[in-house]
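Notes follow the structure.
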Amino acid sequence: MEHLREKALEYHRKFPHGKTEVISTKETRDADDLSLAYSPGVAFPCLEIEKDINTIYDYTNKGNLVGVISNGTAILGLGDLGAAASKPVMEGKGVLFKIFAGIDVFDLELKTKDSDEFIDAVKLMEPTFGGINLEDIKAPECFYIEQKLNELMDIPVFHDDQHGTAIIATSAVLNVLHLTGKNAGSIKVSVSGAGAAAISIARLIQNIGIKPENIFMSDSKGVLSHKRTDITGMKKEFIRTTDDVTLGDSMRDADIFIGVSVKDLVKPEYVKTMAKNPCILAMANPDPEIPYDVARAVRSDLIMGTGRSDYPNQVNNVLGFPFIFRGALDMRARKINHEMKMAAVYALAELARKEVTEEVSHAYHEEKFKFGPDYIIPKPFDSRAYFDVSTAVAEAAAKSGVARVPFPGREAYHELLKQRKALQRR
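Following our numbering, the numbering of the sequence shown begins with 7 at its first residue and continues without gaps.
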């Protein structure tokens with residue numbers, strides 16, 4: 007770990023410092039170019055936008071620009087380190103947006119823990135961005151902030167820690183049901199964690215047929231049961247009438263375990279009591295709720311995923327947010343709504359069931375992949391995710407009425423995506 011620490015620090019401080027820069031997209035070779043880029047030529051697009059605000063998408067980078075914004079109150083698995091300490095993560099998010107979907111990013115770190123102050127700051131920047139990616143904001147404030155900004159702004163606002171994780175996890179659960187033949191309406195789900203990601207996952211999986219009364223959530227004090235008197239806020243939604251007290255109790259006969267909490271909470275004996283052909287998605291970062299090898303040693307019929315890239319079935323948000331925003335931006339969407347999220351869920355699940363290309367094997371040291379217990383989630387370097395998820399989201403935006411422009415059809419949209427890829431490589 008010390009070697010990794012030094013390598014990472016050197017990587018980030020290597021000149022030029024940080025991970026992102028701003029470059030010009032237009033020619034600036036001589037005085038004539040500068041007169042177009044700035045004064046006096048720049049006045050003409052300003053006047054056009056003043057006459058018709060929608061032309062801002064034609065004359066500026068708004069339609070391909072996302073604000074990645076945090077106050078640093080819930081950084082990765084590190085907690086509340088403050089706004090300044092969140093900047094390396096926000097820059098990193100910008101890199102992922104760019105390399106996976108060709109989307110430009112300004113990262114913004116706001117020095118406030120006051121939710122209304124945060125909201126006021128972000129909403130004032132609406133003219134700049136085509137969308138807002140909220141990041142690393144602790145619960146329950148993150149729910150309030152996202153809800154209010156979606157009400158106040160006419161561009162998509164998306165808290166990836168909530169919805170990104172939920173989308174990838176739900177697509178994984180879909181494929182577990184596909185593999186095991188289990189009925190969504192009859193399975194039991196145990197959730198460890200009661201923060202933003204846990205609540206969003208528990209809500210989203212209900213849209214693939216899992217019954218709310220079969221979802222049992224645990225926080226640091228145990229199962230959210232009717233016998234407890236200390237449950238407040240959004241956790242109340244998941245209070246269940248049950249005699250279960252501990253996480254271990256709730257995992258008994260569970261078909262699915264979803265962990266978005268802390269490492270080593272799940273004991274091997276808990277895994278033994280799960281139902282036949284169980285699934286564990288242990289996503290605590292960087293160390294899962296139970297080590298992969300330990301869990302697999304207990305149950306040979308186990309399907310397991312983690313947040314780590316060194317084990318099968320990585321629940322990785324990079325499979326979601328770049329392409330969700332790609333589709334939303336291209337449709338000039340006002341929101342990223344439920345229909346768009348579910349379109350991403352189904353597109354990712356279907357992609358994992360397709361024959362895996364040689365491109366993916368090359369990216370992973372020639373390892374061969376095939377849909378099955380060790381491959382229920384696509385790999386991030388499967389370039390088809392760019393096309394499949396972006397297209398599904400764009401089409402859903404148009405069909406659900408939040409797009410400002412019509413969906414051009416799948417074939418035409420694929421051509422647009424190819425053009426964007428070609429520009430990115432130049």
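The beta-carbon is built from N, C-alpha and C at its ideal position, and this holds for glycine as well.
Taking S306 as the reference, which of I138, T312, C285 has the closest Cα? Residue numbering aside, residue 306 sits at position 300 when the sequence shown is read from its first letter. For the residues I138, T312, C285, the minimum Cα distance to S306 belongs to C285.
Helix, strand or coil for V304 per DSSP? Position 298 of the sequence shown, counted from the first residue, corresponds to residue 304. Shown here, V304 sits in a helix according to DSSP, grouped into three states.
I'd like the list of long-range same chain contacts for E356, defined as Cβ closer than 8 Å, with 5 residues on each side in sequence excluded. The count along the sequence shown starts at 1 and reaches residue 356 at position 350. Shown here for E356: same chain residues with a beta carbon closer than 8 Å to its own, the five before and five after excluded, namely D394 in chain order.
Can the beta-carbon of G73 be found closer than 8 Å to that of F135? Mapped onto the sequence shown, residue 73 falls at position 67. Mapped onto the sequence shown, residue 135 falls at position 129. It is a contact, given that the beta carbons lie within the stated cut-off.
Length of the line joining the Cα atoms of P133 and N67: On the sequence shown, position 127 is the one that residue 133 refers to. On the sequence shown, position 61 is the one that residue 67 refers to. If you draw a straight line from the Cα of P133 to the Cα of N67, it comes to about 11 Å.
At which residue ranges does the stretch 38-115 contain complete alpha helix (DSSP H) runs of 4 or more residues, listed in the order of the chain? Fully enclosed alpha helix (DSSP H) runs of 4 or longer: 49-57, 62-65, 89-107.
Pick helix, strand or coil for N213, following the three-state DSSP scheme. Along the sequence shown, read from residue 1 onward, the residue named residue 213 stands at position 207. Residue state, collapsed to three classes: helix.
For the structure I just gave you, are there three or more beta carbon pairs, one from the stretch 217-232 and one from the stretch 344-353, closer than 8 Å? no
Which stretch, first to last residue, makes up the beta strand (DSSP E) that contains G311? Position 305 of the sequence shown, counting from 1, holds the residue named residue 311. G311 -> beta strand (DSSP E) spans 309-312.
Could you tell me which residues DSSP puts in a beta bridge with F413? Looking up residue 413 in the sequence shown gives position 407. None, per the DSSP bridge assignment.
What are the complete alpha helix (DSSP H) segments, minimum 4 residues, inside the stretch 110-197? 121-129, 147-158, 166-186
Measure the C-alpha to C-alpha separation of V300 and M280 and round it to an integer number of angstroms. Here residue 300 corresponds to residue number 294 of the sequence shown, with the count starting at 1. Here residue 280 corresponds to residue number 274 of the sequence shown, with the count starting at 1. Cα to Cα, the separation comes out at about 15 Å.
Rank S196, G239, L210, D261 by C-alpha distance to the C-alpha of L185 and give the top, closest one. Position 179 of the sequence shown, counted from the start, is the residue given in the question as residue 185. It is D261.
Return helix, strand or coil for F244, following the three-state DSSP convention. Reading the sequence shown from its first residue, position 238 is the one you call residue 244. F244: helix per DSSP, three-state reduction.
What is the DSSP secondary structure of A350, reduced to helix, strand or coil? Along the sequence shown, read from residue 1 onward, the residue named residue 350 stands at position 344. A350: helix per DSSP, three-state reduction.
Hey, out of A288, E27, D38, A107, whose CA is closest to S396's CA? On the sequence shown, position 390 is the one that residue 396 refers to. Ranking the options by Cα distance to S396, first place goes to A107.
I'd like the list of long-range same chain contacts for G170, defined as Cβ closer than 7 Å, with 5 residues on each side in sequence excluded. For the purposes of this step, residue 170 is taken as the residue at position 164 of the sequence shown. The answer, listed in chain order, is N323, G326, F327.
Applying the criterion that 16 or more other CB atoms from any shown protein chain within 10 Å of the CB defines a buried residue, is A49 buried or exposed? If you number the sequence shown from 1, residue 49 lands on position 43. Burial call: exposed.
By how many angstroms is the C-alpha of I173 removed from the C-alpha of D270? Residue mapping note: residue 270 aligns to position 264 of the sequence shown, counting from 1. Residue mapping note: residue 173 aligns to position 167 of the sequence shown, counting from 1. Rounded to whole angstroms, D270 to I173 spans 24 Å at the Cα level.
Am I right that A200 and L158 are in contact with their C-beta atoms under 8 Å? What's the rounded C-beta distance? Taking the first residue of the sequence shown as position 1, residue 200 is located at position 194. Taking the first residue of the sequence shown as position 1, residue 158 is located at position 152. At roughly 27 Å, the Cβ-Cβ gap does not stay under 8 Å, so A200 and L158 are not in contact.
Pick helix, strand or coil for Y298, following the three-state DSSP scheme. Within the sequence shown, the letter at position 292 stands for residue 298. Residue state, collapsed to three classes: helix.
Endpoints, the alpha helix (DSSP H) within which D225 is located: Here residue 225 corresponds to residue number 219 of the sequence shown, with the count starting at 1. Unbroken run through D225 is the beta strand (DSSP E), 221-225; no alpha helix (DSSP H).
Buried or exposed: which applies to M4, given that a residue is buried once 16 or more other Cβ atoms fall within 10 Å of its Cβ? An answer regarding residue 4 cannot be provided, because it is not within the stretch 7 to 432 covered by the chain.
With H, G and I counted as helix, E and B as strand and the rest as coil, what does DSSP make of G254? The count along the sequence shown starts at 1 and reaches residue 254 at position 248. Reduced to three states, the DSSP call for G254 is helix.
Backbone CA spacing between I296 and D58 [nearest angstrom]: Translated into positions along the sequence shown, residue 296 becomes position 290. Translated into positions along the sequence shown, residue 58 becomes position 52. The alpha-carbon atoms of I296 and D58 are separated by roughly 56 Å.
Closer than 6 Å by C-beta to V111: which residues in its own chain qualify, once you throw out the five before and the five after it? Chain order, please. Position 105 of the sequence shown, counted from the start, is the residue given in the question as residue 111. For V111, where only same-chain residues beyond five positions count, the Cβ hits under 6 Å are V72, V74, G100, F103.
Taking C-alpha atoms, which residue in V304, V163, T248 lies nearest to M131? Start at 1 with the first residue of the sequence shown, and residue 131 comes out as number 125. For the residues V304, V163, T248, the minimum Cα distance to M131 belongs to V163.
For a test of your reading of the model: does the CB of R35 fall under 7 Å from any non-hydrogen atom of the ligand PLP? Yes or no. Absence of the ligand PLP is noted for the structure shown, with no ligands found whatsoever.
According to DSSP, is A398 helix, strand or coil? For the purposes of this step, residue 398 is identified with residue 392 of the sequence shown, where counting begins at 1. Note: A398 maps to helix in three-state DSSP.
Can you tell me the Cα-Cα spacing of D113 and G137, whole angstroms? Your numbering for residue 113 matches position 107 in the sequence shown. Your numbering for residue 137 matches position 131 in the sequence shown. The alpha-carbon atoms of D113 and G137 are separated by roughly 12 Å.
G265 bridges to which residues according to DSSP? Within the sequence shown, the letter at position 259 stands for residue 265. Answer is S198, A288.
I want to know whether the stretch 371-387 touches the stretch 400-418 - three or more CB-CB distances under 8 Å. no
For Q320, the residue or residues it bridges with in DSSP: For the purposes of this step, residue 320 is taken as the residue at position 314 of the sequence shown. Beta-bridge pairing links Q320 to T312.
Could you tell me which of R209, Y419, D250 sits nearest to R234, measuring between CA atoms? Locating residue 234 in the sequence shown gives position 228, counting from the first residue. The option with the nearest alpha carbon to R234 is D250.
Give, in chain order, every unbroken run of the beta strand (DSSP E) that is at least 3 residues long and sits entirely within the stretch 326-377. none
Count the other CB atoms within 10 Å of the CB of N60; is the residue buried (16 or more) or exposed (fewer)? For the purposes of this step, residue 60 is taken as the residue at position 54 of the sequence shown. Its Cβ having fewer than 16 others within 10 Å, N60 is exposed.
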